[in-house]
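Chains as they are written, first to last, in our numbering: chain A, 2 to 307; chain B, 22 to 295.
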Amino acid sequence: MRRSVRTRRCARAAAKARAVAFAFAAVLSLAPGARAEIPALTREFVTEDFRSTPDALQQLAQRRHVALGIAGGALWAGDEAGSWQAFRGGSPWGARAEALASYGRCTLGANATNDGSRNADAREYGQRITGAVHVPEMRTALTGAVGYERWHHRGTDLSAEFAPIRWHTHLRTMDLVPNVHFWTRYRKLEGDDKAIVTPAAGIALQHFVVFGSQPVLALSAQSDLSSGRTPSTFGMFQFGFASVPRPLTGGGADPDMPPAPGTPPPSLIDRNWFVTLAYAAPFDQRSSARFGVLAGLRFVRPYGGS
Amino acid sequence: MPISDATRAARTRARQTLNGWIQNKLTLPRPVCLVPGWRDEQGECWSHMDSWLKATCTNYGADVHPLVFVAESGGGDPPWEDFLDFGSDVADYVAKHLANDPRGVDFVCHSMGGLDTFAAIALMHGQPGITSAPVTNAHTVITFDTPFRGFASASNPLFQAFVKKGRQDSWVLLQLGAMEPDSKRMVEVGAARDAFLGGVQAFWPRGADNAAGALEVPDTSAKFDGPNTFASGLQPRYRPYAVFPDTSHSGTNGVTHDVRAIVETLQILTGQKT
């Protein structure tokens with residue numbers, strides 16, 4: 002009798018813990034707001050700014066903007082397990098749309114991805130609602146996501162991006178300091194009683210001479226770990242380039258110069274184009290190679306505040 | 022990462038602020054010298070900053086001095102060895118035009134221009150061949166991505182080849198060599214840091230987004246190692262170092278062209294930001 006009571010208590014505690022975890026994820030989904038997540042084939046390689054100087058924290062607190070991104074491109078996936086050959090037949094065309102709203106440390110977002118007939122980005126949900134909180138003082142950004150995909154899976158994610166380690170290479174004739182990034186994602190898929198934990202690490206160059214942060218080069222690796230299952234691991238190379246944003250309308254030939262008489266004022270919405278390329282190669286026999294190239298437009302508008 | 026949404030939103034707000042100042046103009050409390058970097062940069066780095074000063078300041082014509090270095094013959098680039106020689110030019114200019122101004126003088130400097138100004142304030146004494154009197158009435162000094170501790174690419178063969186490609190004389194390589202981290206001139210700069218900070222009322226070091234990646238001027242160099250490396254009595258004159266995310270040292274993304282940097286510079290110069 003006492004034993005059964007103890008068991009029921011344990012079950013209640015476990016149910017409570019699950020409820021708290023889901024509530025946390027749900028709250029994050031309602032409040033989040035970051036683009037920074039574990040690398041994926043159809044996402045640009047974007048990371049958070051973890052500077053926590055008084056100046057940077059003040060700017061973070063004043064952050065108020067909405068953004069919309071749309072992209073289209075081609076996505077391939079191999080059908081040979083373990084092979085690094087990504088190009089196989091089938092329609093490769095895919096697209097992605099993303100919208101988000103940031104308020105200080107929090108961001109709410111939603112995105113939809115069609116990853117082509119080969120389902121090249123199978124680890125990602127077709128549709129998601131995301132929420133993120135950025136806590137640079139704790140060197141962490143958390144993102145919660147509720148995902149849905151009609152023919153595949155649906156579930157809930159909680160992922161964390163950690164402040165990068167700056168690798169000072171100490172070259173005598175060049176100041177080369179790659180960022181070493183770390184992420185972790187906890188995923189609970191509907192109908193699967195086991196969670197999937199995905200640790201990831203990457204090395205990236207995100208600043209270049211003259212071009213600043215327009216280009217990005219990144220190498221990463223991630224592994225899906227689940228109790229009682231064999232891990233599935235792959236590495237990924239990503240390259241991205243984005244144009245310098247300009248006001249959608251107005252502002253003259255150079256919107257960062259004083260306007261000539263008669264020039265319409267610059268729009269509050271800015272726009273730019275971007276391209277992103279990714280190649281993922283399996284490190285074991287449990288997945289196949291994938292390749293994607295997307296081009297798109299992004300629009301950002303501040304709101305409120307000063 | 023690509024240029025962040027936060028940067029984009031902040032730039033849009035900065036454009037609004039600057040356009041607002043065209044309607045409600047500002048007045049500079051002191052004369053301002055805009056000091057360019059490379060001896061043949063000829064002020065290109067100030068194309069945006071200078072235009073906004075002109076558009077927003079009531080006393081632009083009287084009090085803004087965009088400096089351009091020219092050879093003694095009156096044209097072309099001066100055959101100077103390093104930033105000490107350019108600093109001598111800055112000191113001579115101030116002595117001739119601004120030394121008697123009771124308001125003092127402010128400096129806004131890009132890259133090597135910060136070292137030119139540093140030299141004009143703190144390195145004019147006891148230098149062979151230098152007869153200029155140091156600047157003694159400097160008030161505010163703002164530096165953008167100045168390599169106070171040098172930068173490693175100064176001795177990079179590829180970078181040197183790039184530099185030589187567009188320049189027809191050897192002086193420029195001497196100037197570059199003076200900015201290698203272990204050069205004699207850099208040692209002099211380090212040793213004179215307190216003389217410099219003691220010679221100004223406020224020092225605002227600013228950097229490009231140069232914490233990680235393939236860098237031009239590392240953070241530690243642009244911020245002159247930080248306030249704790251100066252004499253404790255002088256540290257209040259050192260304003261907290263800040264960078265402008267998603268900018269580079271020069272070019273289209275150059276930090277001096279960034280509208281956020283231009284807004285902040287005007288806020289500092291007019292006393293809105295202290």
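Here a beta-carbon is modelled for each residue, glycine too, at the ideal position from N, C-alpha and C.
These numbers were taken from a predicted model, which means no experiment stands behind them.
Three-way DSSP call (helix, strand, coil) for residue i in this model
| i | result |
| --- | --- |
| B/Trp-192 | helix |
| A/Leu-101 | strand |
| A/Asn-115 | strand |
| A/Met-175 | strand |
| A/Ala-261 | coil |
| B/Tyr-262 | coil |
| B/Leu-236 | strand |
| B/Gly-219 | helix |
| A/Val-210 | coil |
| B/Phe-180 | helix |
| B/Asp-127 | strand |
| B/Leu-255 | helix |
| B/His-146 | coil |
| A/Ala-282 | strand |
| A/Arg-36 | coil |
| B/Asn-269 | The question names Asn, but residue 269 of chain B in the sequence shown is Ser. Three-state result, B/Ser-269: strand. |
| A/Leu-249 | coil |
Min CB distance residue i to chain B below 9 Å
| i | result |
| --- | --- |
| A/Met-139 | no |
| A/Ala-32 | Reliability of the predicted coordinates at A/Ala-32 is poor, the pLDDT of 37 falling under 50, and the value obtained from them is presented with this limitation in mind. No, A/Ala-32 lies away from the interface with chain B (no Cβ there is under 9 Å from its Cβ). |
| A/Leu-177 | yes |
| A/Ser-289 | no |
| A/Asn-112 | no |
| A/Ala-146 | no |
| A/Glu-45 | yes |
| A/Gln-207 | yes |
| A/Phe-242 | yes |
Short CB-CB distance (under 9 Å) between residue i and chain A
| i | result |
| --- | --- |
| B/Asp-190 | no |
| B/Ile-43 | yes |
| B/Ile-289 | no |
| B/Arg-29 | yes |
| B/Asp-166 | no |
| B/Glu-237 | yes |
| B/Pro-23 | yes |
| B/Lys-186 | no |
| B/Ala-233 | yes |
| B/Val-156 | no |
| B/Gln-222 | no |
| B/Leu-39 | yes |
| B/Leu-182 | The question names Leu, yet the displayed sequence has Ala at residue 182 of chain B. No - not a single Cβ of chain A is within 9 Å of the one on B/Ala-182. |
| B/Val-264 | yes |
| B/Pro-52 | no |
Sheet register partners of residue i (DSSP bridge)
| i | result |
| --- | --- |
| A/Val-276 | A/Phe-242, A/Ala-296 |
| A/Pro-303 | A/His-66 |
| A/Leu-159 | A/Gly-145, A/Tyr-187 |
| B/Met-70 | Beta-bridge pairing links B/Met-70 to no other residue. |
| A/Asp-225 | A/Ser-233 |
| A/Ile-270 | BP columns for A/Ile-270 are empty, so no partner. |
| A/Thr-108 | A/Ser-103, A/Ala-133 |
| A/Val-217 | A/Gly-241 |
| B/Arg-214 | Looking at the DSSP assignment, B/Arg-214 forms no beta bridge with any residue, so it has no partner. |
| A/Gly-95 | A/Gly-74 |
| A/Arg-287 | Per DSSP, none; premise fails for A/Arg-287. |
| B/Gly-275 | B/Ser-269 |
Element boundaries [alpha helix (DSSP H), containing residue i]
| i | result |
| --- | --- |
| B/Arg-227 | Careful: B/Arg-227 lies outside any alpha helix (DSSP H), inside the beta strand (DSSP E) at 223-228. |
| B/Ile-43 | 26-44 |
| A/Ala-78 | Where A/Ala-78 is concerned, there is no enclosing alpha helix (DSSP H), although the beta strand (DSSP E) it sits in stretches over 65-78. |
| A/Tyr-187 | Element bounds for A/Tyr-187: not the alpha helix (DSSP H) but the beta strand (DSSP E), 180-190. |
| A/Leu-42 | First-last for A/Leu-42: undefined, no H or E at that position. |
| B/Phe-139 | 133-143 |
| B/Leu-55 | Per DSSP, B/Leu-55 belongs to no alpha helix (DSSP H); it is in the beta strand (DSSP E), 53-56. |
| B/Ile-289 | 280-290 |
| B/Phe-104 | 104-118 |
heavy atom of the ligand SAH below 8 Å from residue i C-beta
| i | result |
| --- | --- |
| A/Pro-55 | In the structure on display, the ligand SAH does not appear, and there are no ligands present to speak of. |
Residue i, enclosing beta strand (DSSP E) - first and last residue
| i | result |
| --- | --- |
| A/Pro-200 | 197-206 |
| A/Gly-127 | Segment: none, A/Gly-127 is in no beta strand (DSSP E) and carries neither H nor E. |
| B/Ala-159 | 159-165 |
| B/His-86 | 85-87 |
Cβ-based neighbour list, residue i, same chain, cut-off 6 Å, excluding 5 preceding and 5 following
| i | result |
| --- | --- |
| A/Asp-285 | Thr-234 |
| A/Ala-111 | Ala-100, Ile-130 |
Nonlocal neighbours in the same chain, by C-beta distance under 8 Å from residue i, ignoring five residues either side
| i | result |
| --- | --- |
| A/Asn-273 | Ala-243, Ser-244, Val-245, Pro-246, Arg-247, Leu-298, Arg-299 |
| B/Lys-185 | Val-193, Leu-194 |
| A/Ala-57 | Asp-50, Pro-137 |
Close-in-space but distant-in-sequence residues of the same chain around residue i (CB under 7 Å, 5 per side omitted)
| i | result |
| --- | --- |
| A/Ala-22 | Because the pLDDT of A/Ala-22 is 48, which lies under 50, any placement of that residue in the model is unreliable, and the number read from its coordinates should be weighed accordingly. Correct list: empty, nothing qualifies. |
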